[in-house]
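Colleague:
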Amino acid sequence: MELLRVEALTLAFGGLRVAREISLALASGDRLALIGPNGAGKTTFVNLVTGQLAPDAGRIVLAGEDVTRMAVAARVRRGLVRTFQISRLFRDMSVRDNVLLAILQREGRTARAIRHAATDRTLVAEADAHLERLGLGEVAGDRVGAIAYGQQRLVEIAIAVALRPKVLLLDEPAAGVSRAEQPRIVAALAALPPDIAVLMIEHDMDLVLRLARRVVVLAAGALVFDGSPEAVVSDPGVRAAYLGSYGT
Amino acid sequence: MAATKMAPRSPIARDRLVTAGGLAAIAAAGAIGLVLFPNDLGFLTRVLATALLVLSLDLVTGYCGVATLGHAALFGGGAYASGMLAAHGGIQDPLVLLAAGLAGGLVTGLVSGLVILRATGLPQLVLSIAVVQLASALANKLSGWTGGSDGLSGISPGPLFGRFAFDLWGQTGYLLGVALLLVVFAALRALVLSPFGLLCRGIREDVIRVGALGARVRPALVAMYGISGAVAGLGGALSAVTTGVVGLDSLSFERSASALVMLVFGGAGSLGGALVGTVVFQVFEHAVSAANPFHWLTLVGLLLIAVVLFLPRGLQALPARLAGLVRRRAAPARGGA
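First to last, the sequence lines map onto chains A and B. First residue of the first sequence? That's 1 in my numbering, and the numbers climb one at a time after it. First residue of the second sequence? That's 249 in my numbering, and the numbers climb one at a time after it.
#1: Using a Cβ-Cβ cut-off of 8 Å, state whether Gln152 of chain A counts as contacting chain B.
#2: Check Ala585 of chain B in the structure and name its three-state DSSP category.
#3: Do you know offhand how far Arg210 of chain A's Cα is from Arg88 of chain A's?
#4: Specify whether the stretch 38-48 of chain A and the stretch 216-225 of chain A touch according to this definition: at least 3 beta carbon pairs, one from each stretch, less than 8 Å apart.
#5: Going by beta-carbon coordinates alone, are His116 of chain A and Ala162 of chain A separated by less than 8 Å?
#6: Closest Cβ-Cβ distance between Val167 of chain A and chain B: below 8 Å?
#7: Report yes if the C-beta distance between Gly495 of chain B and Gly562 of chain B is below 8 Å; otherwise report no.
#8: Is there a C-beta anywhere in chain B that falls below 8 Å from the one on Phe90 of chain A?
#9: Is it true that the CB of Gly484 of chain B sits closer than 8 Å to the CB of Gly324 of chain B?
#10: Just to confirm my understanding: we take Phe45 of chain A, look at its own chain, exclude 5 residues before and 5 after, and list those with CB closer than 8 Å. What are they?
#11: Which residues does DSSP pair with Gly227 of chain A in a beta bridge?
#12: Using the beta-carbon of each residue, which ones in chain A are nearer than 9 Å to Pro259 of chain B?
#13: How would you list, in chain order, the residues of chain B whose beta-carbon sits under 7 Å from the beta-carbon of Thr110 of chain A?
#14: Does any residue of chain A bring its CB to less than 8 Å from the CB of Ala268 of chain B?
#15: Based on DSSP bridge pairs, tell me the residues matched to Thr10 of chain A.
#16: Quick test of the definition: if touching needs 3 or more C-beta pairs under 8 Å, does the stretch 465-474 of chain B touch the stretch 117-125 of chain A?
#17: So Arg82 of chain A packs on Gly141 of chain A, CB below 8 Å; how close in whole Å?
#18: Counting only the same chain and skipping the five closest in sequence on each side, list residues whose C-beta sits under 8 Å from that of Ser228 of chain A.
#19: From the beta carbon of Val155 of chain A, is the nearest beta carbon of chain B less than 8 Å away?
#20: Please decide whether Ile456 of chain B counts as near chain A, where near means a Cβ-Cβ distance under 8 Å.
#21: How big is the Cα-Cα spacing for Leu508 of chain B and Phe291 of chain B?
#22: Along the chain, where does the alpha helix (DSSP H) that runs through Met510 of chain B open and close?
#23: Nearest-angstrom Cα distance between Val524 of chain B and Ala383 of chain B?
#24: Quick check on the burial criterion: 16 or more other C-beta atoms within 10 angstroms. Buried or exposed for Thr368 of chain B?
#25: CA-CA distance, Ser500 of chain B and Ile377 of chain B?
#26: Asp226 of chain A: beta carbon under 7 Å from a heavy atom of the ligand NAD?
#27: Under the rule that 16 or more other beta-carbon atoms within 10 Å means buried, what is Ile86 of chain A, buried or exposed?
#28: Which of the three DSSP states is assigned to Ser304 of chain B in this structure?
#29: Decide if Val233 of chain A is buried, meaning its Cβ has at least 16 other Cβ atoms within 10 Å, or exposed.
#30: Quick one: what's got a C-beta closer than 6 Å to Ile456 of chain B's C-beta in the same chain, skipping five residues either side?
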């Protein structure tokens with residue numbers, strides 16, 4: 001089932017064209033890696049799809065509904081969820097509260113202003129279950145600002161999963177994580193719900209080859225490749241995009 | 249013994265304990281004021297009314313991260329609503345007058361919230377100043393209703409519950425203020441610990457992250473502004489009922505600024521901090537201005553500088569800071585042994 005379709009998405013900052021008629025589609029179960037050299041417009045593309053940026057032209061369709069003009073939060077409520085390249089977490093809250101707030105929001109309970117946020121035991125248990133699954137059970141009560149960066153990256157993933165996305169956009173989920181901590185991120189990504197569609201920006205080809213079943217390459221705001229992870233390594237167009245004039 | 253390690257408390261139990269502790273501290277401080285300072289109850293009631301204003305400011309600034317220098321507009325909105333109902337409507341029941349203050353503050357809060365929340369950062373701060381200046385100018389202009397610069401007089405509340413008159417000693421007013429503060433503190437603790445309170449804390453920390461959870465930020469902030477207005481309005485009404493007058497100073501820029509100073513002094517984002525900041529600051533100011541009428545402002549300034557430099561999170565961080573110092577002093581001693 002098709003969950004996300006992007007049609008001819010275009011955006012320019014003054015004379016600089018950062019997205020040139022990008023089109024792609026994601027179906028249930030897809031694992032797509034979006035790669036490209038620095039400045040290719042990868043994060044811009046994610047910001048366009050999530051609604052942080054408004055396109056000059058083009059259309060974004062989420063599960064059959066046109067969301068092109070919709071606000072960020074409205075898209076999230078319809079199942080379009082993202083993580084951030086640099087962790088954006090509530091650092092002064094506990095790890096558990098970070099995930100609990102996502103669950104309360106998903107359940108439409110954040111307008112409740114009388115009873116304690118942790119009153120509903122099933123929701124707290126769900127938050128703890130998400131954390132347990134990612135090996136964060138021990139730090140559930142700790143302040144997010146006090147835990148290791150690798151663990152913070154896992155909290156980002158826990159929040160994203162807790163929102164029950166249809167389409168999940170991961171912006172460099174392993175950025176800033178040490179080699180030693182990487183296997184936990186890989187395991188967490190491999191264990192994402194199988195029916196959701198995942199689009200992942202990632203530089204690390206090792207990670208891409210392990211997790212993605214399809215790769216698209218962005219260069220100077222345009223899609224230059226769409227195919228299998230095995231084919232991308234030997235594609236001359238991709239090599240040219242990465243190496244520029246040195247590759248020719 | 250096997251079970252020497254204490255079982256960890258659940259977050260709910262821990263938060264309840266803090267609330268109970270806060271209520272006990274307010275009640276104890278209230279009793280101390282009544283017994284030890286029977287001649288200063290008028291001043292202490294003013295402190296209580298200001299405490300409600302600072303608590304209200306904490307809701308939007310401490311918990312939601314909204315910068316404002318116009319919060320006295322909400323206090324004044326409540327004070328004038330209550331005062332005008334008494335002076336022009338002939339209402340004498342103090343509880344009805346408090347309810348009018350609450351409603352007046354709520355409406356002022358919603359309106360000023362809708363204006364102030366259109367911007368963020370410095371423009372937001374400027375808008376908040378504009379709001380309080382406009383409110384003040386409006387109150388001055390409508391002198392037929394508000395008494396203008398002469399102030400609104402003719403507020404003479406009847407006895408509380410038909411029994412306790414507002415006498416010259418101010419005992420009834422003071423006790424009403426303490427009771428009001430207890431109720432408001434309990435209600436606000438419940439509010440800040442609720443899902444809505446959690447959302448607001450999230451907004452303060454990272455608006456973009458909250459949006460990425462699918463939450464609507466502006467309606468939540470406007471709602472919090474309304475609640476904050478109700479609390480500040482109660483403070484204004486308490487002031488109107490207990491002093492019998494409402495002046496333009498109740499919605500002045502100066503009052504807004506001093507409320508912010510007291511909040512920072514005690515520690516924004518903590519209800520206890522807001523209360524401690526208000527009480528310590530006002531009592532210090534009161535004592536120092538009586539002891540040294542020429543240089544008291546200098547002394548107040550020095551105290552503020554000291555707190556901001558050494559306790560950037562306010563007085564509420566003092567116990568943790570002291571505990572940290574003690575631990576650090578103890579650590580080398582153990583290491584050398």
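For every residue, glycine included, the Cβ atom is placed at its ideal position computed from N, Cα and C. Keep in mind the model is a prediction, meaning the values are calculated, not measured.
Modeller: Walking through what the data contain:
#1: Translated into the one-based positions of the first sequence, residue 152 of chain A becomes position 152. False, the Cβ-Cβ gap to chain B never drops below 8 Å.
#2: Here residue 585 of chain B is taken as the residue at index 337 of the second sequence, counted from 1. Annotation note: pLDDT 40 at Ala585 of chain B (below 50); position unreliable, coordinate value reported separately. Coil at Ala585 of chain B, not helix or strand.
#3: As a first step, residue 210 of chain A is located in the first sequence; it is residue number 210 there, counting from the start. As a first step, residue 88 of chain A is located in the first sequence; it is residue number 88 there, counting from the start. Linking Arg210 of chain A to Arg88 of chain A through their CA atoms gives a straight-line distance of about 26 Å.
#4: With the cut-off at 8 Å, the stretch 38-48 of chain A and the stretch 216-225 of chain A touch.
#5: Taking the first residue of the first sequence as position 1, residue 116 of chain A is located at position 116. Taking the first residue of the first sequence as position 1, residue 162 of chain A is located at position 162. The Cβ-Cβ distance between His116 of chain A and Ala162 of chain A does not fall below 8 Å.
#6: The sequence position of residue 167 of chain A within the first sequence is 167, counting from 1. The C-beta of Val167 of chain A comes no closer than 8 Å to any C-beta of chain B.
#7: Along the second sequence, read from residue 1 onward, the residue named residue 495 of chain B stands at position 247. Along the second sequence, read from residue 1 onward, the residue named residue 562 of chain B stands at position 314. Their beta carbons are not under 8 Å apart, which means Gly495 of chain B does not touch Gly562 of chain B by this criterion.
#8: One-based indexing of the first sequence puts residue 90 of chain A at position 90. Taking Cβ atoms only, chain B reaches closer than 8 Å to Phe90 of chain A, which makes this a yes.
#9: Walking along the second sequence from the start, residue 324 of chain B turns up at place 76. Walking along the second sequence from the start, residue 484 of chain B turns up at place 236. Yes; because the gap between Cβ atoms is below 8 Å, this pair is in contact.
#10: On the first sequence, position 45 is the one that residue 45 of chain A refers to. Excluding residues within five positions, the ones whose Cβ falls inside 8 Å are Leu9, Ala19, Ile22, Leu34 and Leu218.
#11: Locating residue 227 of chain A in the first sequence gives position 227, counting from the first residue. The partner list for Gly227 of chain A (beta bridge, DSSP) reads A:Val215.
#12: Taking the first residue of the second sequence as position 1, residue 259 of chain B is located at position 11. Ordered by position in chain A, the residues that pass the 9 Å Cβ test against Pro259 of chain B are Ser94, Arg96, Asp97, His116, Ala117, Ala118, Val124 and Gly141.
#13: Your numbering for residue 110 of chain A matches position 110 in the first sequence. The answer, in chain order, is Pro443, Phe444, Leu447 and Ala463.
#14: Taking the first residue of the second sequence as 1, we reach residue 268 of chain B at position 20. By this cut-off, Ala268 of chain B is not an interface position.
#15: Within the first sequence, the letter at position 10 stands for residue 10 of chain A. DSSP output for Thr10 of chain A lists A:Ala57 as bridge partner(s).
#16: Under the Cβ criterion (8 Å, minimum of three pairs), the stretch 465-474 of chain B does not count as touching the stretch 117-125 of chain A.
#17: Position 82 of the first sequence, counting from 1, holds the residue named residue 82 of chain A. Position 141 of the first sequence, counting from 1, holds the residue named residue 141 of chain A. Actually they are not in contact, since the Cβ atoms of Arg82 of chain A and Gly141 of chain A sit about 27 Å apart, beyond 8 Å.
#18: Translated into the one-based positions of the first sequence, residue 228 of chain A becomes position 228. Contacts found: Arg213, Arg214 and Val215.
#19: Taking the first sequence and counting its residues from 1, one reaches residue 155 of chain A at position 155. No, its Cβ sits nowhere closer than 8 Å to a Cβ of chain B.
#20: Taking the first residue of the second sequence as position 1, residue 456 of chain B is located at position 208. Answer yes: the Cβ-Cβ gap between Ile456 of chain B and chain A drops below 8 Å somewhere.
#21: Here the question's residue 508 of chain B lines up with position 260 in the second sequence. Here the question's residue 291 of chain B lines up with position 43 in the second sequence. Cα-Cα distance, rounded: 20 Å.
#22: Residue 510 of chain B sits at position 262 when you count from the first residue of the second sequence. Its alpha helix (DSSP H) spans residues Phe501 to Gly514.
#23: By one-based count along the second sequence, residue 524 of chain B stands at place 276. By one-based count along the second sequence, residue 383 of chain B stands at place 135. Val524 of chain B and Ala383 of chain B have their alpha carbons spaced roughly 29 Å apart.
#24: The count along the second sequence starts at 1 and reaches residue 368 of chain B at position 120. So Thr368 of chain B ends up on the exposed side.
#25: One-based indexing of the second sequence puts residue 500 of chain B at position 252. One-based indexing of the second sequence puts residue 377 of chain B at position 129. Ser500 of chain B and Ile377 of chain B: Cα-Cα distance of roughly 10 Å.
#26: Here there are no bound small molecules, and the ligand NAD is not part of this structure.
#27: For this step, residue 86 of chain A is matched to residue 86 along the first sequence. With fewer than 16 other Cβ atoms within 10 Å, it is exposed.
#28: Within the second sequence, the letter at position 56 stands for residue 304 of chain B. Reduced to three states, the DSSP call for Ser304 of chain B is helix.
#29: Counted from its first residue, the first sequence places residue 233 of chain A at position 233. Its Cβ having fewer than 16 others within 10 Å, Val233 of chain A is exposed.
#30: Sequence index remark: in the second sequence, residue 456 of chain B carries index 208 (1-based). Non-local beta-carbon contacts of Ile456 of chain B in its own chain, meaning distances under 6 Å to residues more than five positions away in sequence, are absent.
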